[in-house]
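If you read the sequence shown in this note's numbering, its first letter stands for residue 186, the second for the next number, and so on. Think of the CB as a built atom: it goes at the ideal place given N, C-alpha and C, for glycine as much as any other residue. The next block holds one structure in the form of C-alpha cells; read it before the comments.
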Amino acid sequence: MAHNPIICAIDTDDMDKAYSLAQAVGPHVGAIKLGLQFFTAHGAAGVRLLSEQRQPIFLDLKFHDIPNTVAKAIEATAGINTFMMTVHTSGGRTMLQRAIDASMRVADMTGQERPLVIGVTVLTSMDQDDLDMVGVRAPLHEQVLRLADLAQSSGLDGVVCSPYEIDMIKRQCGHDFKLVVPGIRPAGSEKGDQKRILSPKEAVDKGADYIVIGRPITDAPDPAKAAQEILASLK
Ligand code: C5P
186 MAHNPIICAI DTDDMDKAYS LAQAVGPHVG AIKLGLQFFT AHGAAGVRLL SEQRQPIFLD
246 LKFHDIPNTV AKAIEATAGI NTFMMTVHTS GGRTMLQRAI DASMRVADMT GQERPLVIGV
306 TVLTSMDQDD LDMVGVRAPL HEQVLRLADL AQSSGLDGVV CSPYEIDMIK RQCGHDFKLV
366 VPGIRPAGSE KGDQKRILSP KEAVDKGADY IVIGRPITDA PDPAKAAQEI LASLK
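As C-alpha cells, then:
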C-alpha cells in the first residue's frame with residue numbers, strides 16, 4: 186500500500202463538529218471528503234479552514250452543468266486546495282474534457298499537483314426503474330460501464346463506484362484508472378442505509394484506490410481510534 190487510501194466523509198453542516206473531526210482523524214486518514222451539505226453551509230471559507238490543518242480535501246460537489254460553468258467552478262477551487270473533486274459523467278464529453286483542462290489551470294495557478302477529477306456514473310441510489318424514468322433503456326451495469334468508458338476516454342482520472350462494480354470497471358478500464366469506493370463497513374459496524382457493502386480490506390484487495398468511509402468513523406465514540414483500527418486492518 187503506497188498511500189493511505191482512507192478518505193473520511195465528514196457529512197455535517199456543524200462547523201465545530203467538522204473541525205474537531207478533521208483534527209482527530211487527520212493523522213490517520215489520507216484525506217477528508219466534504220460534500221454538498223458542508224459546502225452549502227460554509228462555502229469555500231469553510232473548506233479552507235479545514236484544509237489549513239494540512240488535510241488533503243476531496244471536494245465532492247458532483248459538478249454537472251454546461252462545460253463553461255463547470256470549468257469556471259473547477260478553476261475557482263484553486264483557492265481551496267483540493268486534491269480531488271467529482272463531476273457527473275452524464276454531463277457529456279465536452280464538459281468532462283473542459284473539466285480536465287480546468288484542473289490543469291488550477292495546477293498552474295497553485296503550483297501544486299493537478300487535482301484529480303473523478304466521475305460519478307450512475308448514482309447508487311438509482312435502480313433500473315429510475316433509469317427507465319429518465320429515458321435510459323440500457324441495463325444498469327451497462328450504463329455504468331458506458332459512463333466509465335466515457336470518463337476515461339475524456340481524460341478523467343477515475344470514477345466513483347460501488348464495491349461490487351470494482352471488478353467490472355477494473356477489467357474494462359485497466360489499473361491506472363482510479364476507483365474511489367464508498368459503501369464500506371468495517372467488520373462489526375452498523376450497515377446503516379448502505380446495502381451493498383465490503384470491508385475496507387476486501388475493497389482495497391479488489392483494487393479500490395481510495396475507500397470512502399463516513400459514519401463508521403465519524404459516529405464512533407473515538408473517531409481517531411476507529412480510523413486507526415481501519416488503517417491497521419489494511420496491513
Ligand atoms: O457514512 P458512510 O460511510 O455511508 O458515508 C459514505 C459517503 O460516501 C457519504 O458521503 C455518501 O454520500 C457517499 N457516497 C455513498 N455511496 C455512493 C456515493 C457516495 O455512500 N454511491
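Met186 versus Leu221: straight-line alpha-carbon distance, rounded: Here Met186 scores only 45 on pLDDT, less than 50, and its place in the model should not be relied on; the value that follows carries that caveat. Roughly 30 Å separates the two Cα atoms.
Heavy atom of ligand 1 within 7 Å of Gly220 beta-carbon: yes
Residue span of the beta strand (DSSP E) that contains Asp394, given as start and end: No beta strand (DSSP E) holds Asp394; DSSP gives it neither H nor E.
6 Å CB neighbourhood of Leu383 in its chain, flanking five on each side removed: Pro348
Residue range of the alpha helix (DSSP H) that includes Val255: 252-261
Simplified DSSP state of Asp245, which is helix, strand or coil: strand
Between the CA atoms of Asp390 and Gln240 - distance to the nearest angstrom: 25 Å
Which listed residue (Asp334, Ile402, Gly368, Gln238) has its alpha carbon closest to that of Thr274: Asp334
Proximity to Ser374 [Cα-Cα], best of Ile396, Arg356, Leu364, Ala405: Ala405
Gln379 beta carbon near ligand 1 (any heavy atom closer than 7 Å): yes
Exposed unless 16 or more other CB atoms sit within 10 angstroms - verdict on Val344: buried
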